[in-house]
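Heads up: the sequence shown begins at 122 in this note's numbering, then just goes up one per residue.
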Amino acid sequence: MSDYKVVGSIAAIPEITNHENWCTVVGNYVYIHNAFRNDLQRMIIAYENGNFVSSELIKWKTILGRHSRLEDEIFLPALQARLKDGESLPEELVDGKDHDSVDKLVDKVLACSDGDTVLALRELSAEFNNHLEREETIIMPLLMKHFTKAEIYAMDYCVVNPKLDYVDKERKINVIEWWFGNLADSEVVALKKHFERAGKKPPLPIGDWKKLQDDIPALQKYPLEDL
């Protein structure tokens, strides 16, 4: 049963989806967001049916942590460096408050006694969805505005670059398998096309990478050839 699986985004209005850079942000800000939403909803349903397994929420939190690090350490610093006068990001997105709040709510669920678990799961789901909608409506359009396709694909690649420390080198969790497994069929097809598109893009020129690196402290410890 997959009726609970959501598709699309509150931010997916024609002005956004018709933008030439929509294809670059949809993976990291729509498809993976929906996988997190859907997996969490699956766990709520599982709890209501007496089948909740806490290790699945721990896995969810682990994958989310990797995703959040990419946002906090790569995308947000680069974006803040490009914002123009009059543009700003909400404090909760800049200082990691949103991500910290979600982490605490996950810990609350894991610490709950049986009677309170489903209420804590629903609280987590509601707060988490608010966070995702903030990212989709605020960060996603600004990334499309201030970066080229090549720059966005390059930053996205950091999460799978084996020379960086965002990769699960021990392969304890198959993130791609989890991702596809928690999407509606239509978005599975769309995500495959997204991967194919990204895989055909040429590497970002070294000079352009240097400009990005100068704005991203987390990447400044790496030689340019590793990016």
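Note that beta-carbon positions come from the ideal geometry of N, C-alpha and C, so glycine has one too. Keep in mind the model is a prediction, meaning the values are calculated, not measured.
CA nearest to the CA of residue i, picked from the options
| i | options | result |
| --- | --- | --- |
| Glu317 | Gly148, Glu177 and Asn142 | Gly148 |
| Ala156 | Glu169, Ser130, Ala167 and Asn170 | Ser130 |
8 Å Cβ cutoff met for residue i and residue j
| i | j | result |
| --- | --- | --- |
| His154 | Met265 | no |
| Tyr150 | Glu257 | yes |
| Lys159 | Asn303 | Inspection of the sequence shows that residue 159 is occupied by Asn rather than by Lys. Yes, they are a contact pair. |
| Ile179 | Trp299 | no |
Environment of residue i [buried if 16+ CB atoms lie within 10 Å]
| i | result |
| --- | --- |
| Gln341 | exposed |
| Leu240 | exposed |
| Ile294 | exposed |
| Tyr125 | exposed |
| Val174 | exposed |
| Ile195 | buried |
Pairwise C-alpha distance: residue j and residue i
| i | j | result |
| --- | --- | --- |
| Lys321 | Ser222 | 37 Å |
| Lys314 | Glu308 | 10 Å |
| Pro135 | Met261 | 14 Å |
| Ala311 | Asp228 | 33 Å |
| Leu350 | Gly217 | Given that the chain is displayed from residue 122 to residue 348, the structure contains no residue 350 and the question cannot be resolved. |
Proximity test, residue i beta-carbon vs the ligand GDP heavy atom, cut-off 7 Å
| i | result |
| --- | --- |
| Ile134 | Among the components of this structure there are no ligands whatsoever, and the ligand GDP is therefore not found. |
Whole-Å CB distance - residue i paired with residue j, under 8 Å assumed
| i | j | result |
| --- | --- | --- |
| Phe301 | Leu161 | Going by Cβ atoms, the distance from Phe301 to Leu161 rounds to 17 Å, so no, they are not a contact pair. |
| Tyr287 | Val280 | 5 Å |
| Leu345 | Lys332 | That pair is no contact at about 11 Å. |
| Ile337 | Pro198 | 5 Å |
| Leu242 | Ile165 | 5 Å |
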